[in-house]
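Participant: In the working numbering, the protein residues as written are 8 to 616.
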């Protein structure tokens, strides 16, 4: 894999990309001590167990065990090959890689790669036609009427698909794309006569990009009364609405900077907000918010501001989104749009300053919205409805994480309906006990003292490690950070460790240092092809070996490792002897058995890591 380019090239690219910067594009990292922590991108979790060490340029999840360097991170998360990863990291750091580009020139394209390339070509074509074709200019005028500036049209590469039936199909064929492959991908469609044509004919085109900025689908908006009003690309391996958020690639840096993301319902709202200088907005794509969307947002930010339409459907969608975002631990705010207004309409009518000051900056808390939303289902002039409403609100208050918030909203409720605060408190405690019966909720709400306290997963009880296992792990950890210790161990016991995985690692490590490398766990990982070996090296590298190893400690570890080999040989001999004695002298055999147990017991005396 790496033999298609020099080790020097790979190392230069790795060193030019900092692991905290790259991982930080996917995970919201917060520094704690020497490491950075965040929510693991490889498995679902609500408390941070994912650690990044900037000094050693490695990452490790204490929850799922994933670990490695910057190259393994991109390969695992993006599903890239080694070469694609090197290419991607080289582009990010501005380094050309002629060897890699040359090696890929003759590689056959898969259907997925061909589809991706077709989307990039069509993005340019549609955008060009918007301003340089007769029908396109009509579409451009429509966008201008909607308040879209030329700058924002260029920024989002908005385009237009011509009404001509075969123009796009012919364009793609001329570029070398097979029509049936394009139809399989949903870019083209066919009729009963076997003709291929563009599914988006006569529509304004909004390119939909993945988080890397590559177009992987389109949204088409009619300007001539076609049905449906909005049409998205069909689901495919590239285009999965449940996992995509529109504008995430452009908004990501601002989202990280502000620590807050604004969630809209559609791309028109995102673009209108962007033009109003609200540039940390994203939208789901013609579908409700999903668990995957919520988890993705939580990895990047603590706070999500929901800015859905002000009509009943928008408010209902807001309530559902709150439930999903609450489950992953987000702090939620809700923009208060006037009834039946959407963000785009509000901006057009009132301007960007009022949108920022009266909608975004004046956003409600989640409980303020929920109380207002629940009222629509009750006639508060009726006593029975009032009591049911109060009970529903208490259910929602019980889900809050902060005792201060719970107290605040309970007092509001007591004052609004002239009820006893003590009675409401008793009802709340009863509700919270019911909530904590659920295993999933108990981790989050079991702390009735409240507060947004960080909670970390409890370490599972591990079987007590044997002394020689602990000695080998400790010694390997020191060897990974100190070539001199590695040389001492090599002279004493070479690769004669007791655990096979450790034998393989030290053999590679000796070769790594013999090649003139300094201690560098991140670089050493690239020498190992086996994922399990890589993750073991990461675990050992993340161990806190900040103190110096004494000569006595070194000799003790070596002695324990060698003793295990001696003990194993002794046990083997005694077991053979016991087998013979069992037939002739059972009492003597029992004595040998006790001797074996004694040796085994001595070897077990160790401390677990």
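Think of the CB as a built atom: it goes at the ideal place given N, C-alpha and C, for glycine as much as any other residue.
(1) From residue 202 to residue 128, what does the alpha carbon distance come to, in whole angstroms?
(2) Verify whether the separation of the beta carbon atoms of residue 547 and residue 483 is less than 8 Å.
(3) Anyone know if the C-beta pair for residue 252 and residue 290 falls short of 8 Å?
(4) Just to confirm the assignment: which complete alpha helix (DSSP H) runs, minimum length 4, are found wholly within the segment 152-215?
(5) Roughly how many angstroms separate the alpha carbons of residue 87 and residue 186, rounded to a whole number?
(6) Who pairs with residue 312 in a beta bridge, going by DSSP?
(7) Run the CB neighbour count on residue 48, radius 10 Å, all protein chains shown included, and call it buried at 16 or more, exposed below.
(8) Pick helix, strand or coil for residue 530, following the three-state DSSP scheme.
(9) DSSP has residue 366 in a bridge; who is on the other side?
(10) Assuming residue 582 and residue 307 form a contact by the criterion Cβ under 8 Å, report the distance between their Cβ atoms to the nearest whole angstrom.
(11) Return yes when the Cβ of residue 165 is within less than 8 Å of the Cβ of residue 212, no when it is not.
(12) Within its chain, find whatever has a CB closer than 6 Å to the CB of residue 60; leave out the 5 residues flanking it on each side and keep chain order.
(13) Skipping 5 residues on each side, what residues in its chain have a beta carbon closer than 6 Å to that of residue 330?
(14) Leaving out five residues before and five after residue 25 in sequence, what residues of the same chain have Cβ atoms less than 6 Å from its Cβ?
(15) Start and end of the alpha helix (DSSP H) containing residue 138?
(16) Between which two residues does the alpha helix (DSSP H) holding residue 89 run?
(17) With a threshold of 8 Å between beta carbons, is residue 274 in contact with chain D?
(18) Is the CB-CB distance between residue 513 and residue 74 below 8 Å?
(19) Are residue 311 and residue 277 close, meaning C-beta to C-beta below 8 Å?
(20) Can you name, in chain order, every residue of its own chain whose Cβ lies under 7 Å from the Cβ of residue 219, other than the five neighbours on each side?
(21) For the alpha helix (DSSP H) that contains residue 379, what are its first and last residues?
(22) For a test of the three-state rule: what should DSSP assign to residue 455, helix, strand or coil?
(23) Check residue 289 in the structure and name its three-state DSSP category.
(24) For residue 466, is the classification buried or exposed, using 16 other Cβ atoms within 10 angstroms of its Cβ as the cut-off for buried?
(25) Please list the terminal residues of the continuous beta strand (DSSP E) segment that includes residue 58.
(26) For residue 453, count neighbouring Cβ atoms within 10 angstroms of its own Cβ and tell me buried if that reaches 16, exposed if not.
(27) Which of the three DSSP states, helix, strand or coil, is assigned to residue 348?
(28) Could you tell me the alpha carbon to alpha carbon distance between residue 249 and residue 390, rounded to whole angstroms?
(29) Suppose the cutoff is 6 Å on Cβ atoms and the five residues either side in sequence are ignored; what does the same chain contact list for residue 343 look like?
(30) Within the chosen definition, does the segment 415-434 reach the segment 385-401 through at least 3 CB pairs nearer than 8 Å?
(31) Hey, would you say residue 227 sits closer than 8 Å to residue 207, going by beta carbons?
(32) Taking all protein chains shown into account, decide if residue 321 is buried (16 or more other Cβ within 10 angstroms of its Cβ) or exposed.
(33) So which of 504, 508 and 486 has the shortest CA-CA distance to residue 527?
(34) With 16 as the cutoff for other CB atoms within 10 Å, does residue 410 come out buried or exposed?
(35) Taking all protein chains shown into account, decide if residue 364 is buried (16 or more other Cβ within 10 angstroms of its Cβ) or exposed.
(36) Determine, using beta carbons only, whether residue 542 and residue 72 come nearer to each other than 8 Å.
Facilitator: Working from what's here:
(1) 21 Å
(2) yes
(3) Yes, Cβ-Cβ distance for residue 252 and residue 290 is below 8 Å.
(4) 157-162, 174-181 and 186-191
(5) 27 Å
(6) 269 and 340
(7) buried
(8) In this structure, residue 530 counts as helix in the three-state DSSP scheme.
(9) Partner(s): none; residue 366 has no beta bridge.
(10) Contact flag wrong, Cβ pair sits at about 58 Å.
(11) yes
(12) 42
(13) none
(14) Excluding sequence neighbours, residue 25 sits near nothing in its chain.
(15) 118-139
(16) 89-100
(17) The chain labelled as chain D is not found in the depicted structure, where only one protein chain is given.
(18) no
(19) no
(20) 256
(21) In this chain, the alpha helix (DSSP H) harbouring residue 379 covers 373-381.
(22) For residue 455, the pLDDT reaches just 35, beneath the cut-off of 50, and the residue's location in the model is therefore unreliable, although a value from the coordinates is still provided. Correct three-state label for residue 455: coil.
(23) strand
(24) Low per-residue confidence applies at residue 466: pLDDT is 43, beneath 50, and the placement is therefore not dependable enough to give any value.
(25) 57-60
(26) With a pLDDT of only 37 at residue 453, under the threshold of 50, the placement of this residue in the model should not be trusted; the figure read from the coordinates follows. With fewer than 16 Cβ atoms within 10 Å of its Cβ, residue 453 is classed as exposed.
(27) coil
(28) 42 Å
(29) Hits under 6 Å: 371.
(30) yes
(31) yes
(32) Residue 321 comes out buried.
(33) 486
(34) exposed
(35) So residue 364 counts as exposed.
(36) yes
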